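>
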Amino acid sequence: MTALSWAARPAEDAEVVRLSLDESERFSAVFDTYFGEIHRYVAQRLGADGAEDIVAETFLTAFRKRARYDPSRASVRAWLYGIATNLIGKHRRVEVRTLRALGRHGPDPDAPGHEERIAVRVSAESLRPSLAAALAGLHQRDRDVLLLVALAGLSHEEISTALGIPYGTVASRLNRARKKLRAALGGTNPMAESEEAGRG
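Quick note on numbering: our numbering labels position 119 of the sequence shown as 1024, and the sequence is numbered without any gaps.
1) Is SER1028 helix, strand or coil by DSSP?
2) Please report the distance separating the alpha-carbon of SER929 from that of ARG971.
3) Going by Cα to Cα distance, which pick from GLY1042, SER980, ILE1064, PHE932 is closest to ARG1005?
4) Looking at the structure shown, is ARG923 part of a helix, part of a strand, or coil, going by DSSP?
5) Taking DSSP as the reference, what is the three-state secondary structure of HIS1061?
6) With a threshold of 8 angstroms, are at least 3 pairs of Cβ atoms found where one atom belongs to the region 1070–1081 and the other to the region 961–968?
7) Mind the definition here: the region 1044–1053 touches the region 1073–1080 only if three or more C-beta pairs lie below 8 angstroms; say whether that holds.
8) From GLU1063, ALA1089, ALA1088, pick the residue whose C-alpha is nearest to that of TYR986; which is it?
9) For GLY941, count the other beta carbons within 10 Å of its own beta carbon; 16 or more makes it buried, fewer makes it exposed. Which is it?
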């Protein structure tokens, strides 16, 4: 997608949500556009088994609350990430268990079945065992902010809006998370590269 079409996307998405208030079937365009991206994010945090239900609930929640969506506050993309992150928070034990398992064993390359293969591939792309273990040790709030930057590529402003927290809180949580990760991983920040890619 070109830079111009990315720039036009938020306005198009907001218009789709607005039109869906009278023609509900139009909301399927939001689902079609963002399902894959939101699914990858949730699967990286909870594993493939838990992702399907959370992603379905994310879009159902967005559909039910679409009349309250305010395009002046957030893009549809950031809004969906906020909903997904809040739902992930309700399953924090599953996330920590998944991260600890990856920390102990790493992704299992011999895991059977289509869903397991997807989970292995997704996890292997971004979470090495040492990183997964370090992430499991972060407070949920700090992990949310860090992973919205590293996995979703959201800006500080988008995260602030998506999570309903002040801009300065995003920065302080991100700094705290990075410091803890660096300390746990011997002074390096293994997420710096993916964070830079997300901002580029």
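Using N, Cα and C, we set each Cβ at its ideal position, and we do this for glycine too.
Quick caveat, the model's predicted, so the values are computed rather than measured.
Quick answer:
1) In the sequence shown, residue 1028 corresponds to position 123, counting from 1. Annotation note: pLDDT 45 at SER1028 (below 50); position unreliable, coordinate value reported separately. Helix.
2) Here residue 929 refers to the residue found at position 24 when the sequence shown is read from its first residue. Here residue 971 refers to the residue found at position 66 when the sequence shown is read from its first residue. If I take the Cα positions, the gap works out to 10 angstroms.
3) What you label residue 1005 is simply residue 100 of the sequence shown in a count that begins at 1. When each option's Cα is compared against that of ARG1005, the closest is GLY1042.
4) Position 18 of the sequence shown, counting from 1, holds the residue named residue 923. If DSSP states are grouped into helix, strand and coil, ARG923 belongs with the helices.
5) Walking along the sequence shown from the start, residue 1061 turns up at place 156. DSSP places HIS1061 in helix when its eight states are reduced to three.
6) no
7) yes
8) Stepping through the sequence shown from its first residue, residue 986 is reached at position 81. Nearest C-alpha to TYR986: GLU1063.
9) Looking up residue 941 in the sequence shown gives position 36. The residue is exposed, with fewer than 16 neighbouring Cβ atoms inside 10 Å.
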